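J.: Residue numbers in the sequence shown follow the numbering used here, run continuously in steps of one, and reach 379 at the last position.
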Amino acid sequence: MILKNFNGTNSIYKLSFDQQCSSNYTAEGFNVLFVDDTEVNISPDNTVFLVDEKEKKYLQNLGEGACLEISQIGKIACAFGITNDNTLYITDKCNSNCIMCPMAEPARKYGHNTPIPVIKELIRYMPCNMEHITITGGEPFIIKEHLFEILKELKFGRKANTYLLLSNGRIFANHEYCKLFAESVPEDFLVGIPLHGPNETIHDTISQSPGSFLQTTNGITNLLNSKSTSIEIRIVINKINVPYMIEIAKYIVDKFKGIESVKFMGMEMLGNAIVNSEKVWIPYSEAFTKIKPAIDFLIENLIDVEIYNFPLCFVDSTYWHICAHSITAHKIKYADACLQCKEKKSCGGMFTGTDKYLSDSVKPIK
14 MILKNFNGTN
24 SIYKLSFDQQ
34 CSSNYTAEGF
44 NVLFVDDTEV
54 NISPDNTVFL
64 VDEKEKKYLQ
74 NLGEGACLEI
84 SQIGKIACAF
94 GITNDNTLYI
104 TDKCNSNCIM
114 CPMAEPARKY
124 GHNTPIPVIK
134 ELIRYMPCNM
144 EHITITGGEP
154 FIIKEHLFEI
164 LKELKFGRKA
174 NTYLLLSNGR
184 IFANHEYCKL
194 FAESVPEDFL
204 VGIPLHGPNE
214 TIHDTISQSP
224 GSFLQTTNGI
234 TNLLNSKSTS
244 IEIRIVINKI
254 NVPYMIEIAK
264 YIVDKFKGIE
274 SVKFMGMEML
284 GNAIVNSEKV
294 WIPYSEAFTK
304 IKPAIDFLIE
314 NLIDVEIYNF
324 PLCFVDSTYW
334 HICAHSITAH
344 KIKYADACLQ
354 CKEKKSCGGM
364 FTGTDKYLSD
374 SVKPIK
C-alpha cells in the first residue's frame, strides 16, 4: 500500500482514530498518524495529508494503535495491527542455500538486514496483545544473540498472544543457544523448522549445506528437550524428496516425540526454485498422491497435519479439511479457470509465480 499524499518526515508511526488516544500517544513520545475521515494529521510534525477511500479502509483495518513503517514516498514497508497478518522481517540472509528457496542466492549471501535499532523501535511502537506475529527471514539467527534481545522485548512488552519463528533450526544444535532461547522466548511460541529428507544425503542435497541435516535434527531434539517452545516440522515437497515422504514421516514419529504438527508445503516458484525448476518441480496432483501415505501415517500417530499452498482441485476432497489458507494475501493468484469453481471461496489459491506451472492443470470443482 502507498499513501500517495504522505508528507511526514519520520519513518515509524503510531496510528490513531481517536483524538484523546492520539494526544496520549504524542505525550508518550510517539510519532502519530491521526485519521479524521479523509484527513490524516501528523504529530509532532503538525502537518496534514489526504487519503482516498482505499487508503482509509486499509488504515481502518489495521486498527487503533497500529504501528506503520513508511518510506519517504509513502510506501508502507510493514504494518503491525491487532488482527493484522503481522510479520517481523529480520534479514534476507541465510546460512543454507536451499535448492527450491523462493529467494535468489545473491539475496541470501549479500542481502539486507533490518537494522537492530529499527526492529527495536518497531517493537516499541507495536500495540500490545496483537493476535499474532511471525518472525522470519532469511534465517533470523543470522543476527546471532541480537535475536534474543528482540524476543525479550516482545515478551516483556506483551506484544502478541501467539508467535511463529521460521528458522532452519541449525542454530539450536548449540546447547548454549537453546538455553538463551529458553530464557528469552515469550509464551505461546511456535518454531517452524524444515526437514528436507529422512537422511543426510537427501536433506543436505536440498539445503546445499553439508552437515545441515545433523545440525537441524540435533537442533530439533535440543528444542524438544528444553520444553521452551512448541515445534512444527515443515516439509517442502519437491522432485528430490517426494519419493521419501513416508520415510520422512516415520523418521519424525521415531525421532521427535512431542512435535506439535507437520506441514506439507507446495513450493513458491521464485528465486532458486525457478533457477532449479527442472530439478525440483513436481506437478501438484502427483505430489499429493505421494504425500497421502505420509499424511495418513502421521495422523495415525496423533500428529496434527496441514497442507499448505495447494489449491483444492489438486487434493482429494477427504483431505480438504486440512488444507490451510496459507499464502499471504498479496501473493495469492487464481487461474482464469478458477472463476468456474464452486469452491473458490474455500480455496487458498496458488502462489504468484507458481501459477504459471499450475494454471493449465487447474480443474474447477463443479
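Glycine residues also receive a C-beta, built at the ideal position from the N, C-alpha and C atoms. Keep in mind the model is a prediction, meaning the values are calculated, not measured.
According to DSSP, what are the bridge partners of T381?
T.: This structure cannot settle anything about residue 381, because the visible part of the chain is limited to 14 through 379.
J.: Could you work out which residue in G124, A262, Y71, E200 is closest to E313 when comparing CA atoms only?
T.: Closest by alpha carbon: A262.
J.: State the DSSP-derived secondary structure class of R171, mapped to helix, strand or coil.
T.: R171 falls in the coil class under three-state DSSP.
J.: Measure the CB-CB distance between I103 and G42 and report whether it falls below 8 Å.
T.: Not in contact: I103 and G42 (Cβ atoms no closer than 8 Å).
J.: Ends of the beta strand (DSSP E) at V275?
T.: 274-278 is the span of the beta strand (DSSP E), which, as asked, contains V275.
J.: Helix, strand or coil for D349? Go by DSSP, reduced to three states.
T.: Reduced to three states, the DSSP call for D349 is helix.
J.: Taking 7 Å as the limit between beta carbons, can you name the residues of its chain near T218, skipping five residues before and five after?
T.: The answer, listed in chain order, is I253.
J.: With distances taken Cα to Cα, identify the nearest neighbour of N23 among N44, Y38, A300, Q32.
T.: N23 has its Cα closest to that of N44, out of N44, Y38, A300, Q32.
J.: So the candidates are E200, I259, K346; which of them puts its Cα closest to the Cα of A300?
T.: Looking at the Cα atoms, I259 is the closest of the given residues.
J.: Comparing C-alpha positions only, which one of E281, D31, V249, K69 sits nearest to K369?
T.: Selected option, being the one with the closest Cα: E281.
J.: Can we say the stretch 168-176 touches the stretch 141-155, given the rule of at least three CB pairs closer than 8 Å?
T.: At 8 Å Cβ cutoff, the stretches touch.
J.: Which runs of the beta strand (DSSP E) at least 3 residues long sit entirely within the stretch 75-99? Give them in chain order.
T.: DSSP runs (the beta strand (DSSP E)) wholly in the stretch 75-99: 80-83, 89-93.
J.: Would you tell me roughly how many angstroms separate the C-alpha atoms of F323 and E200, rounded to the nearest one?
T.: Rounded to the nearest angstrom, the two C-alpha atoms are 31 Å apart.
J.: Going by CA-CA distance only, name the one from H159, S372, S84 that's closest to M14.
T.: It is S84.
J.: According to DSSP, what are the bridge partners of D49?
T.: Beta-bridge pairing links D49 to E52.
J.: Which whole-angstrom value is the C-beta distance of Y332 and K276, which I expect to be below 8 Å?
T.: 14 Å between Cβ atoms; not a contact.
J.: Would you mind working out which of V293, N20, F93 sits nearest N54, comparing C-alpha positions?
T.: Answer by Cα proximity: N20.
J.: Pick out whichever of V249, N212, I206, I272 has its Cα sitting closest to the Cα of N238.
T.: Selected option, being the one with the closest Cα: I272.
J.: How many Å lie between K379 and F161 at the Cα?
T.: Going by the C-alpha atoms only, they are around 50 Å apart.
J.: Can you list, in chain order, the residues of its chain with a C-beta nearer than 6 Å to that of E68? Leave out the 5 residues immediately preceding and following it.
T.: So the list reads L16, once near-sequence residues are dropped.
J.: Which same chain residues, not among the five before or five after T127, have their C-beta less than 7 Å away from its C-beta?
T.: Taken in chain order, the residues that qualify are Y102, I103, T104.
J.: Keeping to the same chain, check which residues put their C-beta closer than 8 Å to that of K305; ignore five residues upstream and five downstream.
T.: Contacts found: D329, Y332.
J.: With the cut-off set at 8 Å, would you say L203 and E166 are in Cβ contact?
T.: No, they are not a contact pair.
J.: How is the beta strand (DSSP E) around E319 delimited, first residue to last?
T.: E319 -> beta strand (DSSP E) spans 317-321.
J.: Return the chain-ordered ranges of every alpha helix (DSSP H) run that is complete within the stretch 139-190 and spans a minimum of 4 residues.
T.: Whole alpha helix (DSSP H) segments, 4+ residues: 159-169.
J.: I think A92 touches A79, with their Cβ atoms under 8 Å apart; what is that distance to the nearest whole Å?
T.: About 6 Å separates the two Cβ atoms, so the contact holds.
J.: Can you give me the start and stop residues for the alpha helix (DSSP H) that L371 sits inside?
T.: Run containing L371: 368-371, per the alpha helix (DSSP H) assignment.
J.: Can you tell me whether L236 is buried or exposed, with buried defined as 16 or more other CB within 10 angstroms of its CB?
T.: Buried, by the Cβ-count rule.
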